[in-house]
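S.K.: Let me give you the structure first, and then I'll get to my questions.
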Amino acid sequence: MKMITLWCMLLFGSSSLPEKYVVEIIRYKVPADQQKDFEAAYAEGGKSLKASPYCLHYEVIHGIEEPEKYIVRIHWTSKEDHEKLFRQSAAFRSFFKEVRPFFDNIEEMKHYDQTSISWTK
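Under the UniProt record's numbering, the residues of the sequence shown are numbered 1 to 121, in order.
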């Protein structure tokens with residue numbers, strides 16, 4: 001069973017995310033000599049995301065064809081909850097302390113609405 005499915009079952013009583021949420025996509029370019037530290041920063045900072053009632057899911061994926069590229073996907077209860085509530089919280093301060101050294105490596109940071117077009121096996 002996929003971890004997100006198990007997590008959703010425990011939190012929401014079903015195997016899917018809530019009907020409404022937004023996805024924040026953060027694209028990074030991280031040189032090879034910083035990648036171990038980058039992943040460690042998100043592993044530690046992820047503890048703060050898990051503690052937040054506004055964060056529903058997060059993942060960090062690493063480029064294969066372009067190994068200096070990373071994408072971070074964070075599912076938030078809403079854009080407003082992320083920007084107005086999470087960013088004012090102690091969880092944000094703890095999270096940002098970990099990932100701040102990589103702030104200048106960000107190529108894009110945007111919020112997206114989900115659509116009805118999706119499939120999971």
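Beta carbons are placed, not taken as given, at the ideal position from N, Cα and C, and that holds for glycine.
Less than 8 Å between the CB atoms is what I'm expecting for Y54 and T77, so what's the real figure, rounded?
M.R.: Indexing the sequence shown from 1 puts residue 54 at position 54. Indexing the sequence shown from 1 puts residue 77 at position 77. Y54 to T77, Cβ: 5 Å. Contact.
S.K.: Compute the Euclidean distance between the alpha carbons of A41 and I71, then round it to the nearest angstrom.
M.R.: For the purposes of this step, residue 41 is taken as residue 41 along the sequence shown, with counting starting at 1. For the purposes of this step, residue 71 is taken as residue 71 along the sequence shown, with counting starting at 1. Each residue's alpha carbon lies about 14 Å from the other.
S.K.: When the distance is taken between beta carbons, is H75 closer than 8 Å to L56?
M.R.: Taking the first residue of the sequence shown as position 1, residue 56 is located at position 56. Taking the first residue of the sequence shown as position 1, residue 75 is located at position 75. Yes, the pair counts as a contact, with Cβ atoms nearer than the cut-off.
S.K.: Using the beta-carbon count (16 or more within 10 Å), is I25 buried or exposed?
M.R.: As a first step, residue 25 must be located in the sequence shown, where it is residue number 25. The residue in question, I25, is exposed, as its Cβ has fewer than 16 Cβ neighbours within 10 Å.
S.K.: Counting along the chain, where does the alpha helix (DSSP H) carrying D37 start and finish?
M.R.: Against the sequence shown, residue 37 aligns to sequence position 37. Element bounds for D37: 35-51.
S.K.: Out of S118, I106, K110, which has the shortest C-alpha to C-alpha gap to V30?
M.R.: To locate residue 30, count along the sequence shown from 1; it is residue 30. For V30, the nearest C-alpha among the options comes from I106.
S.K.: Output the boundary residues of the alpha helix (DSSP H) element that contains E98.
M.R.: As a first step, residue 98 is located in the sequence shown; it is residue number 98 there, counting from the start. Residues 90-99.
S.K.: Are the CB atoms of F103 and G45 within a distance shorter than 8 Å?
M.R.: Walking along the sequence shown from the start, residue 45 turns up at place 45. Walking along the sequence shown from the start, residue 103 turns up at place 103. No, these two residues do not count as a Cβ contact at 8 Å.
S.K.: Hey, how far is the Cα of residue 183 from the Cα of L85?
M.R.: Nothing can be reported for residue 183, as the shown portion of the chain is limited to 1 through 121.
S.K.: Can you tell me whether DSSP reads K79 as helix, strand or coil?
M.R.: Within the sequence shown, the letter at position 79 stands for residue 79. Helix.
S.K.: Whole angstroms is fine: what's the gap from K36's alpha carbon to E66's?
M.R.: The residue you call residue 36 lines up with position 36 of the sequence shown. The residue you call residue 66 lines up with position 66 of the sequence shown. Cα to Cα, K36 sits roughly 16 Å from E66.
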